[in-house]
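What follows is a set of notes on a single structure, which appears directly below.
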Amino acid sequence: MPAVTTNLGVGAAITDAVPAAAGARLLGEGDTAECDGRGDGTDGPLEQLTVNITRRSSFALNLISKLTGDTRTDTVNRALQVYAYLGQVTAHGGSVYVRPTAGTRIGRLEVL
685 MPAVTTNLGV
695 GAAITDAVPA
705 AAGARLLGEG
715 DTAECDGRGD
725 GTDGPLEQLT
735 VNITRRSSFA
745 LNLISKLTGD
755 TRTDTVNRAL
765 QVYAYLGQVT
775 AHGGSVYVRP
785 TAGTRIGRLE
795 VL
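Below is the structure:
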């Protein structure tokens, strides 16, 4: 079965060996009907947002920014898009599986 890639925007994508369920619409597939046009990554203006994050989240943000070389803004944008994708997958009855390191078993990802 051919791989299916779901574009998450901001340079991120998820490649699946299994296509999305018939009729399922996932973030980044060109459907912006649910966006209000602000900061949606298209040609609209950016939306400024001020948030308070925990020490744990601050550590995670700094860690992934250093690993990827992305700005903190790009990292937060990507994180929100991935989180929305994961929410859509699970809302449609799907599951997400990960392999933490090469050679380890695949396990189901649960966002608590």
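Residues in the sequence shown are numbered consecutively from 685, following this note's numbering. Where a beta carbon is used, it is the ideal one built from N, C-alpha and C, also for glycine. As the structure is a prediction and not an experimental result, all values here were calculated from the model.
(message) Determine whether the beta carbon atoms of V782 and G791 lie at a separation below 8 Å.
(response) The count along the sequence shown starts at 1 and reaches residue 782 at position 98. The count along the sequence shown starts at 1 and reaches residue 791 at position 107. In this structure, V782 lies near G791, with their beta-carbon atoms less than 8 Å apart.
(request) Would you kindly report the start and end of the unbroken beta strand (DSSP E) that includes N756? (result) Position 72 of the sequence shown, counting from 1, holds the residue named residue 756. Just to set this straight, residue 756 is Arg in the shown sequence, not Asn. Taken as a continuous stretch (DSSP letters only), R756 belongs to no beta strand (DSSP E), being part of the alpha helix (DSSP H) at 756 to 775.
(request) Using only alpha-carbon positions, find the residue among T759, G777, N736 that is nearest to L747. (result) Here the question's residue 747 lines up with position 63 in the sequence shown. The shortest Cα separation from L747 among T759, G777, N736 belongs to T759.
(message) Give me, in chain order, the residues of the same chain whose beta-carbon lies closer than 6 Å to that of T755; leave out the 5 immediate sequence neighbours on both sides.
(response) Taking the first residue of the sequence shown as position 1, residue 755 is located at position 71. Closer than 6 Å at the Cβ level, and outside the excluded window around T755, lies no residue.
(message) Closest to T734 by C-alpha separation, out of G777, T757, Y767, would be which residue?
(response) As a working note, residue 734 is residue 50 in the sequence shown. If we check each option's Cα against that of T734, T757 comes out closest.
(request) Pick out whichever of T788, L770, R789 has its Cα sitting closest to the Cα of L796. (result) For the purposes of this step, residue 796 is identified with residue 112 of the sequence shown, where counting begins at 1. Distances from the alpha-carbon of L796 to those of T788, L770, R789 put L770 closest.
(request) Give me the Cβ distance between I737 and L745, rounded to the nearest whole Å; I'm assuming they're in contact under 8 Å. (result) Residue mapping note: residue 737 aligns to position 53 of the sequence shown, counting from 1. Residue mapping note: residue 745 aligns to position 61 of the sequence shown, counting from 1. That pair is a contact at about 7 Å.
(request) Look up L793 in the DSSP assignment and give the residues it is bridged to. (result) Position 109 of the sequence shown holds residue 793. According to DSSP, which records beta bridges pairwise, L793 is partnered with V780.
(message) The alpha helix (DSSP H) that contains A744, what's its start and end?
(response) Indexing the sequence shown from 1 puts residue 744 at position 60. Membership of A744 in the alpha helix (DSSP H) is indicated by the continuous run 739 to 752.
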